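Asks: With positions in the sequence shown counted from 1, the corresponding number in our numbering is that position plus 318.
Glycine residues also receive a C-beta, built at the ideal position from the N, C-alpha and C atoms.
For clarity, every value in this text was computed on a predicted model and none was experimentally measured.
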Amino acid sequence: MCCLQISDSLVAVSHPEQLKLLETLEELVCLFRKLTNSSRVSLDARVHFMDVLWCYYWGQWVSGRLNDAHGTGIEGAQYIRSHTTKSVPAFAGKSPEWLAAQALVLFDLGRIPDAITAAHEAYSTYQEEIDTQSYLGFDCFPPLILAIILRQTGRESEALWLLEDATSPDKCWAQGDWTAFHFLLAELAVIYVELEHFQLALRAAKTAVAACRDRLYKWDDCESGSTSSYYKLALAYALTALSKCLSGHRSEESLLAAEEAARLCRQVMPLLGRVVAWLTGLRPQEITASALETYSIQLSTSGEYYKALANAEQATNLHRELVLMAERYLPSLANSLQNFASILWEMGRREDSIIALEEAVQIRSRLASVGSEQYLTAPLEHALGQLEKCILITKHSE
Numbered sequence: 319m320c321c322l323q324i325s326d327s328l329v330a331v332s333h334p335e336q337l338k339l340l341e342t343l344e345e346l347v348c349l350f351r352k353l354t355n356s357s358r359v360s361l362d363a364r365v366h367f368m369d370v371l372w373c374y375y376w377g378q379w380v381s382g383r384l385n386d387a388h389g390t391g392i393e394g395a396q397y398i399r400s401h402t403t404k405s406v407p408a409f410a411g412k413s414p415e416w417l418a419a420q421a422l423v424l425f426d427l428g429r430i431p432d433a434i435t436a437a438h439e440a441y442s443t444y445q446e447e448i449d450t451q452s453y454l455g456f457d458c459f460p461p462l463i464l465a466i467i468l469r470q471t472g473r474e475s476e477a478l479w480l481l482e483d484a485t486s487p488d489k490c491w492a493q494g495d496w497t498a499f500h501f502l503l504a505e506l507a508v509i510y511v512e513l514e515h516f517q518l519a520l521r522a523a524k525t526a527v528a529a530c531r532d533r534l535y536k537w538d539d540c541e542s543g544s545t546s547s548y549y550k551l552a553l554a555y556a557l558t559a560l561s562k563c564l565s566g567h568r569s570e571e572s573l574l575a576a577e578e579a580a581r582l583c584r585q586v587m588p589l590l591g592r593v594v595a596w597l598t599g600l601r602p603q604e605i606t607a608s609a610l611e612t613y614s615i616q617l618s619t620s621g622e623y624y625k626a627l628a629n630a631e632q633a634t635n636l637h638r639e640l641v642l643m644a645e646r647y648l649p650s651l652a653n654s655l656q657n658f659a660s661i662l663w664e665m666g667r668r669e670d671s672i673i674a675l676e677e678a679v680q681i682r683s684r685l686a687s688v689g690s691e692q693y694l695t696a697p698l699e700h701a702l703g704q705l706e707k708c709i710l711i712t713k714h715s716e
């Protein structure tokens with residue numbers, strides 16, 4: 319089994335089996351370390367070492383060994399920097415990828431300032447290599463990682479500027495089959511929604527959906543299963559953004575978009591391996607949970623409470639899984655719990671609704687206790703208000 323197959327298998331096996339696969343990758347890494355220490359080592363051996371180390375990094379990340387992944391990331395970045403692209407042409411564009419991967423694992427470790435610094439460095443290096451036409455790496459991975467980190471830490475305006483620039487027509491990758499570019503388009507729509515620029519969000523979401531459909535259906539027959547699944551998940555991400563844009567004034571279209579997104583996620587989740595995280599930094603569970611939560615909101619709006627509850631519960635469970643991987647998903651879990659509570663309330667299950675809200679408030683309070691940023695304190699105020707209102711109504715009705 320090659321290192322790529324081993325790394326892909328890590329997401330589909332139990333924890334003991336994950337450890338065995340990681341041991342195999344570790345043996346390969348140790349072997350290549352010995353080989354590459356020789357002054358006579360071939361260029362091919364150096365390139366293969368980086369491929370193995372890259373797979374090892376993502377294997378550690380997928381299996382939750384974040385500190386180990388951080389160490390591997392440092393090793394990879396230092397190795398790339400110690401070799402010029404003239405001596406190893408295949409290393410062109412690899413430096414921003416390793417820096418972006420480092421930013422991602424720092425983000426998962428809760429080292430927010432370090433993650434932002436690393437992501438900015440990755441993007442700057444990426445821009446320099448784009449300008450010199452030496453970037454031959456994973457598409458739009460560095461700007462996408464930076465945008466995601468900025469958005470999830472309350473820096474939406476910075477993320478918006480970055481995404482508008484990264485998706486502008488004059489960018490060299492905008493006309494090609496650059497995979498992560500589809501996620502950049504969808505991420506732009508998500509940012510517009512969060513900033514309540516709904517007309518711009520709608521236009522961006524439609525562009526993202528159209529681009530994903532074109533890429534998926536144009537090449538579906540000639541792509542491998544994992545790559546085809548990747549584009550389906552990209553389409554689901556874009557459709558979720560589109561559903562949010564349409565919510566409130568075009569409810570039927572919003573429901574259809576959310577339904578398709580949820581269906582696509584359920585279809586591809588069992589087929590996806592390392593590829594999505596590798597190319598975007600987004601875990602499949604993260605995209606699926608968002609799609610299911612959005613679908614549950616639209617179902618609830620349409621009065622289909624039982625279906626809404628089932629989807630909301632699945633979304634909450636996925637968010638719990640994500641929190642076990644990295645605590646940066648706690649705000650998303652709190653959001654999911656509040657949505658779950660709202661549906662329970664509409665169904666008359668007031669006690670269960672209050673229990674879910676109390677958990678959400680507990681999470682929000684914990685987050686606000688370690689940071690005074692508005693993106694942490696404002697949601698706490700909203701959750702407290704929702705809980706207090708429900709408690710008051712319950713008391714008055716007794």
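How about Ala554 and Leu600: do their beta carbons lie closer than 7 Å?
Replies: Contact flag unset, no.
Asks: Just the C-alpha distance for Leu710 and Ala674, rounded to the nearest angstrom, thanks.
Replies: Approximately 16 Å between the Cα atoms of the pair.
Asks: Closest to Gln704 by C-alpha separation, out of Ser413, Val679 and Tyr623, would be which residue?
Replies: Nearest of Ser413, Val679 and Tyr623 to Gln704, Cα basis: Val679.
Asks: Which value, in whole angstroms, describes the spacing of the CA atoms of Val511 and Ser565?
Replies: If you take the alpha carbons of Val511 and Ser565, they lie about 11 Å apart.
Asks: Going by alpha carbons, who is nearest to Glu604 out of Asp386, Ile672, Gln470 and Ala436?
Replies: The option with the nearest alpha carbon to Glu604 is Gln470.
Asks: Using a threshold of 7 Å, state whether the C-beta atoms of Glu505 and Ala465 are closer than that.
Replies: Cβ atoms of Glu505 and Ala465: closer than 7 Å.
Asks: Look at the Cβ atom of Leu573, then the Cβ atom of Tyr549, and state whether they are nearer than 7 Å.
Replies: The answer is no: Cβ separation not under 7 Å.
Asks: Between which residues of its own chain and Leu340 is the CB-CB distance below 8 Å, once the five residues before and five after are set aside?
Replies: So the list reads Leu328, Tyr374, Gly377, Gln378, Ser381 and Arg383, once near-sequence residues are dropped.
Asks: In three-state terms, what does DSSP make of Leu427?
Replies: Of the three classes helix, strand and coil, the one that applies to Leu427 here is coil, per DSSP.
Asks: Which residue marks the beginning of the alpha helix (DSSP H) containing Val688, and which one marks its end?
Replies: First-last for Val688: undefined, no H or E at that position.
Asks: Three-state secondary structure (DSSP) at Met665?
Replies: Met665 falls in the coil class under three-state DSSP.
Asks: In the region 356-407, which residue ranges form an unbroken alpha helix (DSSP H) of at least 4 residues, counting only runs that do not cross its ends?
Replies: Whole alpha helix (DSSP H) segments, 4+ residues: 361-380 and 384-399.
Asks: Considering only C-alpha positions, which residue in the set Phe367, Phe499, Asp362 and Leu353 is nearest to Leu343?
Replies: If we check each option's Cα against that of Leu343, Phe367 comes out closest.
Asks: Out of Glu447, Pro414 and Glu699, point me to the one whose CA is closest to Thr435's CA.
Replies: That would be Pro414, whose Cα lies nearest to the Cα of Thr435.
Asks: Are Ala363 and Leu353 touching if we call contact CB-CB under 7 Å?
Replies: Yes, these two residues count as a Cβ contact at 7 Å.
Asks: For Glu622, does the three-state DSSP call read helix, strand or coil?
Replies: Coil at Glu622, not helix or strand.
Asks: On the three-pair Cβ rule with 8 Å, is the region 636-645 touching the region 664-674?
Replies: The region 636-645 vs the region 664-674: no contact.
Asks: Does Gln692 pass the burial test, meaning 16 or more other C-beta atoms within 10 Å, or should it be called exposed?
Replies: So Gln692 counts as exposed.
Asks: Specify the secondary structure class of Cys458 as computed by DSSP and reduced to three states.
Replies: Residue state, collapsed to three classes: coil.
Asks: When the distance is taken between beta carbons, is Leu502 closer than 7 Å to Ala519?
Replies: Not a contact, by the Cβ cut-off of 7 Å.
Asks: Leaving out the 5 sequence neighbours to the left and right, which residues in its chain are closer than 6 Å to Ala609 when beta-carbon positions are compared?
Replies: Correct list, in chain order: Ala554, Thr558, Ala579, Ala580 and Cys583.
Asks: Going by beta carbon distance, what residues of the same chain come within less than 6 Å of Glu478, once the five residues before and after it are set aside?
Replies: According to the sequence shown, residue 478 is Leu rather than Glu. Result list for Leu478: Ile509, in chain order.
Asks: Please look up how many angstroms separate the CB atoms of Phe425 and Arg646, rounded, as I've assumed it's under 8 Å.
Replies: Phe425 to Arg646, Cβ: 6 Å. Contact.
Asks: How big is the Cα-Cα spacing for Asn653 and Ala633?
Replies: Taking the straight line from one Cα to the other gives about 10 Å.
Asks: Counting contacts by CB-CB distance shorter than 7 Å, is Arg521 in contact with chain B?
Replies: Absent from the structure: chain B. Only one protein chain is present.
Asks: Assuming Val586 and Ala556 form a contact by the criterion Cβ under 8 Å, report the distance between their Cβ atoms to the nearest whole angstrom.
Replies: The pair is not a contact, with the Cβ atoms about 14 Å apart (cut-off 8 Å).
Asks: Given that a residue counts as buried once 16 or more other Cβ atoms are within 10 Å of its Cβ, and exposed if not, what is Ala701?
Replies: Looking at its Cβ environment, which holds 16 or more other Cβ atoms inside 10 Å, Ala701 is buried.
Asks: Beta-carbon separation of Thr612 and Ala659 under 7 Å?
Replies: Their beta carbons are not under 7 Å apart, which means Thr612 does not touch Ala659 by this criterion.
Asks: Would you kindly report the start and end of the unbroken alpha helix (DSSP H) that includes Leu480?
Replies: First-last of the alpha helix (DSSP H) with Leu480: Glu474 to Ala484.
Asks: Under 6 Å from any heavy atom of the ligand FMN, does the C-beta of Ala575 make it?
Replies: Ligands in the displayed structure: none, and consequently the ligand FMN is not present.
Asks: Name the residue from Glu571, Leu551 and Gln420 whose alpha carbon lies nearest to the alpha carbon of Thr282.
Replies: With the chain covering 319 to 716 only, the question about residue 282 has no answer from this structure.
Asks: Where do the N-terminal and C-terminal ends of the alpha helix (DSSP H) with His515 fall, by residue?
Replies: Where His515 is concerned, there is no enclosing alpha helix (DSSP H), given that its DSSP letter is neither H nor E.
Asks: With a 10 Å radius around its C-beta and 16 neighbouring C-beta atoms as the bar for buried, classify His500 as buried or exposed.
Replies: Under this definition His500 is a buried residue.
Asks: With 16 other CB atoms within 10 Å as the buried threshold, where does Gly507 fall?
Replies: Reading off the sequence shown, one finds Ala at residue 507, where the question assumed Gly. Label assigned to Ala507: buried.
Asks: Among Gly689, Leu651 and Ala387, which has the Cα closest to the Cα of Glu677?
Replies: Answer by Cα proximity: Leu651.
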